[in-house]
Amino acid sequence: MNWRKHISSYLFDLLLMLVLLIVLILIKGAIDLFTTGQLYLFHYWLLFLRGISGSAVFFALIELISMLWEHH
């Protein structure tokens, strides 16, 4: 049942990163709208996808290492 703790921790970390990414993209959109008068929605979507996928891989590796470390 130890794997449930790691899955829960992984999902919590990913959710935290998701919220942070959304806030940062909203701030970036507001700054772009103020400075250039335009919103770059496709660019924001790519930024979001890259950020969340990179975070998912990074946190999965961290949890895998943590699980192996505890098993050892």
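To convert, note that position 56 of the sequence shown is 56 in my numbering; the numbers rise steadily by one, no gaps.
The beta carbon of each residue, even a glycine, is placed where N, CA and C say it ideally should be.
Because the structure is a prediction, the values reported are computed rather than measured.
Please classify residue i as buried or exposed, where buried requires at least 16 neighbouring CB atoms within 10 angstroms.
i: E63; result: buried
For the alpha helix (DSSP H) containing residue i, list its first residue and its last residue.
i: G29; result: N2 to T36
i: Y44; result: L41 to H71
Which residues in the same chain as residue i place their Cβ atom closer than 8 angstroms to its Cβ, once the five residues preceding and following it in sequence are excluded?
i: F48; result: L21, I22 and I25
i: W3; result: M67
i: Y10; result: F59, A60 and E63
Identify, in the order they occur along the chain, each residue of the same chain with its Cβ nearer than 6 angstroms to the Cβ of residue i, setting aside the five sequence neighbours on each side.
i: H6; result: E63 and M67
Take residue i and list the residues in its own chain whose beta-carbon comes closer than 7 angstroms to its own, dropping the five residues that flank it on each side.
i: L18; result: I52
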